[in-house]
Structure formats: structure tokens, C-alpha cells
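Student: This is the structure, below, for whatever I ask next.
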RNA sequence: GGGAUCGUAGCUCAACUGGACAGAGCGACGGUUUCCUAAACCGUAGGUUCCGGGUUCGAUUCCCGGCGGUCCCA
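In this note's numbering, the protein residues as written are 229 to 805.
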């Protein structure tokens, strides 16, 4: 029985037949108030015509005291709860025994699609792509941990006018050698050169690009083969980045996949009476919803994102029948998503559509773009991250003269785990909604509230457990008087850590509900801070029994939770640093 | 012009969706290694939560009106 259930039943006993709404028991805002608090008596008081404190007192009187050391009514009508040691010990034992660190399997039997990263083909990924990729991947992992079946889909920008420009450039601007050894940087260069020529006055090049595009769209075998080759090379390059970031997709259905479905979408809109002609274009008017007008077919016959996204929903519903589709994109697209969600509603789709908007990343206050010349490649950022962490790893190895020297490959691997962890954490620890102005030192922070801080805490706890002569699991620990499952929380510092550990499943659920990995990152940082303080100030291996064993059990549970939580953020946990 | 979004310590951000004295990190200043990994820990300084109203027992959070930044649409 959870604490919330216990308090809820006290409410039911105190106010029989009353509609209680949601009863929430939350961690106390300050340890001096106790361990947990419930503020819901205040809300109920008005409804039942009692003074708030009296209402709270009535709940306190109805409370099953077995789990509590102390219960008091405070302030305007807060219910402050101090749990008993036996309750705490048994909850810790239950959490320890639960699979997946107690993360509830709320999503069992439910399927969702997450659409994230979505870079444009034939371009290198840059720092602006980190956010969608890393935030999307963390949401992906969090939902999987809750038992959801997740389809991670990379909606590549793999269709459109740029391919006319690329094909023309490929034929006439590249050397034989470049054509034979085609890479994404070569494609990028090819595009820049060809696009520049397309802007020339006479317009000849521009027309030829257009002609290549038309041939491609009409299914010309040669152009289609070239296009396919560009895409394959691009995906291979993206996958090289994704491998570094620990990101995996189930599908790579880009815009090209949905292109053939567009006319059908327009037909459906027309049949449903949603689309109408306006100045040569076909539009869906959403003025009643204060969402303006969405163009679904331009006056030149071309389609745009709204149509493409509608086709995409249709296709996903048909293929996966998900209960939810989550889109992780920058916040400039909010209006677009509102429009297209609204149209989906009118078309009768019941799938829940969620847009997770994140603030666009800028650099020195300016949008990241080729034009601004401030485009930092993701590859370069990751290389710099590894360089910085490697320098520290090596310096530490130098300082610790004892022991066998680590192999060069191991040092590099460790530096990657730390460096990539730092980059990902820097992004995940912020609320997605906040815009980030890129800064090398902040993106690669190795101290304080950073990925490496958490990884370091993990390495220390593993080292401690190794020195204790076991992994701290229940098997190796002697049973203790008063303890439960090896847990025996004695001091106030341990108690705070123990209470914090119990919050892990809740933190995962909150992160999922808010679509904010930052909620989990914040929880993990706070937990690691409590642990670090405990670790630094309380002897563990040098303590007398039964305190020694009890502390080791707590450390082991902390280690498990940290490893699990960092895993959900896609951050690796090296055993030794 | 219409709309979205943000505004919290010198800087970067939290604040569990309305709770008690607004918390961290960085930076500043001072301390802690014959002791379980100092990427750590402990302490000090730093706040009119942009401004003005309103709702509420209670507002950083909700509502209205300004101001400022960013973005979208026209």
C-alpha cells in the first residue's frame, strides 16, 4: 500500500461520501516539517464547511498510525507526516526487489510513435540537431521503460527541390573522383556550388535544376538511382552520429515515403468539405479556431508540410494504430502543429497527437545557419568533447601512479562515454522549452551539475561496493535486527537519501507525463548530491555492523537507480573513472 | 497589425503544475586529502521572481493590463 493510498483512505474515513478529487502526498518541502506532506485537506475544507485546520485534523485522526512516527497539522492546514523506520525499511526493500527500479508499467499494451531528429539529407548534422535527437531519444527511452511499445521514426528531409539542384551539381560540378567517392561533405559542397549558380541572372542553371527535379519526380530511373544513392550515403552518415549518441531508430520514413500519398490526402479533405480554393491554392480555413489558414496545395500544384504530415498520420494509423504520436521539433513550428492537429480532429482521427516544442539553439545570439557562418558540426562538437574529457582522464591516470596502466583504447572509450554524456546532459538538464545559446564551455561542462558529475558518483559507488567484497546485493549481507531486506535507515542524512530514492519511479512518470527528460535529470542530480554529501561525510566501509551493511545496501540501491536513470537519458555509466 | 513563447541571484537554470523561509550549478571569497576515487565535500556573500492590478487562507505558478526579448503568421 502506497503512502498516497493510506492517506486517501484516511480522507475517505474522515469525509465519507465526499468527492475527494485527487489526493496527493508529496515530499515535504523542508525536512523540519517531516518526510511527506499532504495539502488537500485545505481544498476540501471549504467544500465541507470546516475550518481548514479542523479538516486536516479530522484526516489526521482517521489516519492509520502504524506507518508513522509523527503526524501533525501545521500552518493553514497542512498535514505533515513523519514515517516510521520500519515503513521506510520495507519500502526500500520493496523498491530494491522490484524489477526496473520500480518503474510502473503504465504503458503495457499501448503503442506510440515518436518522431524525432529528422535531419535533412545531403547535409551534415550540426549542433542545432542535438536537441531534437537527444530530447526525443530520452523521451523514447522513458516511454519504453514504462512498458510502452515505441516506434521511433526518423522523418528525414529526403524530398524536395534541393534534389534537382544536387543532381545537376553532381553531373556538372563534381570531379570523377568525387563522384566515385561520394560523401556527405562532398554533397554539401555540391549543393552550395550548384545553388549559387542557380541564382545567376540568366536563369539557365536554375531551369536545368528544375528539369532534373521534374525527371526525378516523374520516376526517371537514372535520377531516382542518384537520389537513392544520396539518401543511402546520408543515412549512413547520420547513423555514424547516432551510434555515438546511442540513438536508434526503428524506421526512417522520410518525406519521400509520404509523397505518393499526398493527392489522396487532398481528396479526403475535399470530400470532407474541409478544403476550399483560395487564390489558386487549396486551403483549410481554421479561422474559427484562431489558427488562420493552412495551405494544403499551393497554386503551383506543390504540396507542403501540412499535407505531408496529414499523409504521415494516415500512414502511421494504418500501419501501427498507435494511441499516441509524439513530435519533437523546435518551437517555431507550433502554429503548424496546432493547425494540422486541428485538421486531424476534423478528419476524425482519435489518435492523441502531441507536439513537444523545444527552444531553438542559437550561437552567440544568432540563429545557426550556413548563411551566418556559425554552423558548428556535431562531429566537431563530439570530437572536442572527447578531447577535453580525455585530457582529464589522462591527467588523473598520471596522478594515480599505482595499478596497471589503462590501455589507450580503454582511455579513449572512457573519454567518449564521459564526453558524450556531458554533451547530452547539458541539453537534457534544461526544460526543453527554454532556448539555448550554444556555448562550448557549458555544452561540455565536466563539473557541477553535469553528466560527468553523475557518472563520477556512479563510479565511486561501484568502487565502494567492489571494495566491500560484493555488489551489495542482499545475498552477501547478514540479516539485521529491525532491518527489512537488509535495509536499516539510521541517521538523518541516510533518511533523506532513502526518501529521495523512493521518489525515482515517480520522477520517471512525471518526466513522461510532462514530456520533459529534464524532470528526470533534475531528480538524478538532486539524488546524486544527497549521495555525494552522505558519502563524503559518513564512513561506510569503516563503520561498525550493522550500520556498515545497512549503508552498503543503501549505496547499492542508489547505484542501481542512478544507472537506470542515466540509462533513460541515454547516458552511459562506466564502472570506473 | 494578429498570435505563440519566455522574463527568477553577476551568468546558466530549478522550483514535483496554487503551498510553508524561492533552490542548485558556474563565477567570487574562505575551508576540507597520512581517511571508502577532490570530476568531490563543507561554509560565506549574492533576490522587490520585469512592472502594475486582480482571484485566493496562500501566487514565481492562474486572470487582466503594460514593458522587454525571441519566434510564427499576415
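Glycine is no exception: its CB is placed at the ideal position from the N, C-alpha and C atoms. Computed from a predicted model, the values in this text were never measured in an experiment.
Taking the beta strand (DSSP E) that residue 329 falls in, what are its first and last residues?
Tutor: What you label residue 329 is simply residue 101 of the first chain in a count that begins at 1. Looking at the DSSP string, residue 329 is not in any beta strand (DSSP E), and its letter there is neither H nor E.
Student: Determine the closest residue to residue 351 out of 419, 497 and 392, with distance taken between C-alpha atoms.
Tutor: As a first step, residue 351 is located in the first chain; it is residue number 123 there, counting from the start. Answer by Cα proximity: 419.
Student: Using only the alpha-carbon positions, how far apart do residue 329 and residue 728 sit?
Tutor: The sequence position of residue 329 within the first chain is 101, counting from 1. The sequence position of residue 728 within the first chain is 500, counting from 1. Cα to Cα, residue 329 sits roughly 13 angstroms from residue 728.
Student: Determine, using beta carbons only, whether residue 695 and residue 787 come nearer to each other than 8 angstroms.
Tutor: Walking along the first chain from the start, residue 695 turns up at place 467. Walking along the first chain from the start, residue 787 turns up at place 559. Cβ atoms of residue 695 and residue 787: not closer than 8 angstroms.
Student: Would the stretch 301 to 309 count as touching the stretch 336 to 351 if we require 3 or more Cβ pairs under 8 angstroms?
Tutor: Segments in contact, no.
Student: For the candidate residues 382, 799 and 747, whose alpha-carbon lies nearest to that of residue 645?
Tutor: Counted from its first residue, the first chain places residue 645 at position 417. Residue 799 is the option with its Cα nearest to residue 645.
Student: Assuming residue 346 contacts residue 712 (C-beta within less than 8 angstroms), just tell me the rounded distance between them.
Tutor: Counting from one through the first chain, the residue named residue 346 turns up at place 118. Counting from one through the first chain, the residue named residue 712 turns up at place 484. 49 angstroms between Cβ atoms; not a contact.
Student: Compare the Cα-Cα distances from residue 217 to each of 663, 466 and 650 and report the closest residue.
Tutor: Nothing can be reported for residue 217: it is not among the residues displayed for the chain, which extend from 229 to 805.
Student: Starting from the C-beta of residue 242, find all residues in its chain whose C-beta is less than 6 angstroms away, skip the five residues before and the five after it, and write them out in chain order.
Tutor: By one-based count along the first chain, residue 242 stands at place 14. Once the five neighbours on either side are set aside, the close Cβ partners of residue 242 are 286, 287 and 290.
Student: On the three-state DSSP scale, how would you describe residue 552?
Tutor: In the first chain, residue 552 corresponds to position 324, counting from 1. DSSP places residue 552 in strand when its eight states are reduced to three.
Student: Would you mind sorting residue 506 into buried or exposed? The rule is 16 or more other CB atoms within 10 Å of its CB.
Tutor: For the purposes of this step, residue 506 is taken as the residue at position 278 of the first chain. Its Cβ having fewer than 16 others within 10 Å, residue 506 is exposed.
Student: Specify whether the stretch 487 to 500 and the stretch 446 to 466 touch according to this definition: at least 3 beta carbon pairs, one from each stretch, less than 8 angstroms apart.
Tutor: Touching, no.
Student: Taking only runs of the alpha helix (DSSP H) that begin and end inside the stretch 231 to 296, which ones reach a length of at least 4 residues, in chain order?
Tutor: Complete alpha helix (DSSP H) runs here, min 4: 231 to 242, 268 to 276 and 280 to 290.
Student: In its own chain, which residues sit with a C-beta less than 6 angstroms from the C-beta of residue 762, not counting the 5 before and 5 after it?
Tutor: For the purposes of this step, residue 762 is taken as the residue at position 534 of the first chain. Here the set comprises 721 and 725.
Student: Identify the continuous beta strand (DSSP E) that holds residue 585 and give its terminal residues.
Tutor: Taking the first chain and counting its residues from 1, the one referred to as residue 585 is at position 357. Here the beta strand (DSSP E) through residue 585 covers 580 to 586.
Student: If the criterion is Cβ atoms closer than 8 angstroms, does the pair residue 672 and residue 624 meet it?
Tutor: For the purposes of this step, residue 672 is taken as the residue at position 444 of the first chain. For the purposes of this step, residue 624 is taken as the residue at position 396 of the first chain. Cβ distance not < 8 angstroms, so residue 672 and residue 624 don't count as in contact.
Student: Would the beta-carbon of residue 658 fall within 8 angstroms of that of residue 746?
Tutor: Counted from its first residue, the first chain places residue 658 at position 430. Counted from its first residue, the first chain places residue 746 at position 518. Contact flag set, yes.
Student: Under 8 angstroms, do residue 334 and residue 265 count as touching if we go by C-beta distance?
Tutor: In the first chain, counting from the first residue as 1, residue 334 sits at position 106. In the first chain, counting from the first residue as 1, residue 265 sits at position 37. No.
Student: How many angstroms separate the CA atom of residue 421 from the CA atom of residue 397?
Tutor: Stepping through the first chain from its first residue, residue 421 is reached at position 193. Stepping through the first chain from its first residue, residue 397 is reached at position 169. Cα to Cα, the separation comes out at about 7 angstroms.
Student: Identify the continuous alpha helix (DSSP H) that holds residue 307 and give its terminal residues.
Tutor: Numbered from 1 along the first chain, position 79 holds the residue referred to as residue 307. Unbroken run through residue 307 is the beta strand (DSSP E), 306 to 311; no alpha helix (DSSP H).
Student: Is the stretch 549 to 567 touching the stretch 316 to 324 in the sense that three or more CB pairs, one from each, lie closer than 8 angstroms?
Tutor: Not touching, per the Cβ criterion.
Student: Pull up the distance between the alpha-carbon of residue 312 and that of residue 325, whole angstroms please.
Tutor: Counting from one through the first chain, the residue named residue 312 turns up at place 84. Counting from one through the first chain, the residue named residue 325 turns up at place 97. Using only the alpha carbons, I get a separation of about 20 angstroms.
Student: Would you identify the three-state DSSP class for residue 717, choosing helix, strand or coil?
Tutor: Here residue 717 is taken as the residue at index 489 of the first chain, counted from 1. Looking at residue 717 - three-state DSSP - the assignment turns out to be coil, as it is neither helix nor strand.
Student: Starting from the Cα of residue 697, find the closest Cα among 411, 663, 780 and 719 and give me that residue.
Tutor: Stepping through the first chain from its first residue, residue 697 is reached at position 469. Of the listed residues, the one whose Cα sits closest to residue 697 is 780.
Student: Taking the Cβ atom as the reference point for each residue, do residue 588 and residue 618 lie within a distance shorter than 8 angstroms?
Tutor: Here residue 588 is taken as the residue at index 360 of the first chain, counted from 1. Here residue 618 is taken as the residue at index 390 of the first chain, counted from 1. No, the Cβ-Cβ distance between residue 588 and residue 618 is not below 8 angstroms.
Student: Expressed to the nearest angstrom, what Euclidean distance is found between the alpha-carbon atoms of residue 170 and residue 665?
Tutor: Past the edges of the chain, shown from 229 to 805, lies residue 170, and the structure says nothing about it.
Student: Please state whether DSSP places residue 336 in a helix, a strand or coil.
Tutor: As a working mapping, residue 336 is identified with position 108 in the first chain. The answer is coil: DSSP assigns residue 336 none of H, G, I, E or B.
Student: To the nearest angstrom, report how far apart residue 483 and residue 384 are at their CA atoms.
Tutor: Counted from its first residue, the first chain places residue 483 at position 255. Counted from its first residue, the first chain places residue 384 at position 156. So the two alpha carbons sit approximately 6 angstroms from each other.
Student: Hey, would you say residue 797 sits closer than 8 angstroms to residue 653, going by beta carbons?
Tutor: Position 569 of the first chain holds residue 797. Position 425 of the first chain holds residue 653. Cβ distance < 8 angstroms, so residue 797 and residue 653 count as in contact.
Student: Assuming residue 572 contacts residue 614 (C-beta within less than 8 angstroms), just tell me the rounded distance between them.
Tutor: By 1-based counting over the first chain, the position of residue 572 is 344. By 1-based counting over the first chain, the position of residue 614 is 386. The pair is not a contact, with the Cβ atoms about 43 angstroms apart (cut-off 8 angstroms).
Student: Could you pull the DSSP bridge partners for residue 557 from this structure?
Tutor: In the first chain, residue 557 corresponds to position 329, counting from 1. Bridge partners of residue 557: 585.
Student: If you scan the stretch 394 to 423 from start to end, which runs of the beta strand (DSSP E) of 3 or more residues do you find wholly inside it?
Tutor: Those beta strand (DSSP E) runs which fall completely within the stretch 394 to 423 and span 3+ residues do not exist here.
Student: With DSSP run on the structure shown, which of helix, strand or coil describes residue 707?
Tutor: The count along the first chain starts at 1 and reaches residue 707 at position 479. Unreliable positioning characterises residue 707 in this predicted model, as indicated by a pLDDT of 49, which lies under 50. The coordinate reading is nonetheless provided below. Residue 707 falls in the coil class under three-state DSSP.
Student: Name the residue from 532, 723, 523 and 478 whose alpha carbon lies nearest to the alpha carbon of residue 766.
Tutor: In the first chain, residue 766 corresponds to position 538, counting from 1. Taking only the C-alpha atoms, the option nearest residue 766 is 723.
Student: Please list, in chain order, all residues of the same chain as residue 281 whose beta carbon is under 6 angstroms from its beta carbon, the five residues on each side excluded.
Tutor: Sequence index remark: in the first chain, residue 281 carries index 53 (1-based). Once the five neighbours on either side are set aside, the close Cβ partners of residue 281 are 301 and 305.
Student: Let's see if you can read the secondary structure: which residues bound the alpha helix (DSSP H) around residue 450?
Tutor: Counting from one through the first chain, the residue named residue 450 turns up at place 222. Per DSSP, residue 450 belongs to the alpha helix (DSSP H) from 449 to 473.
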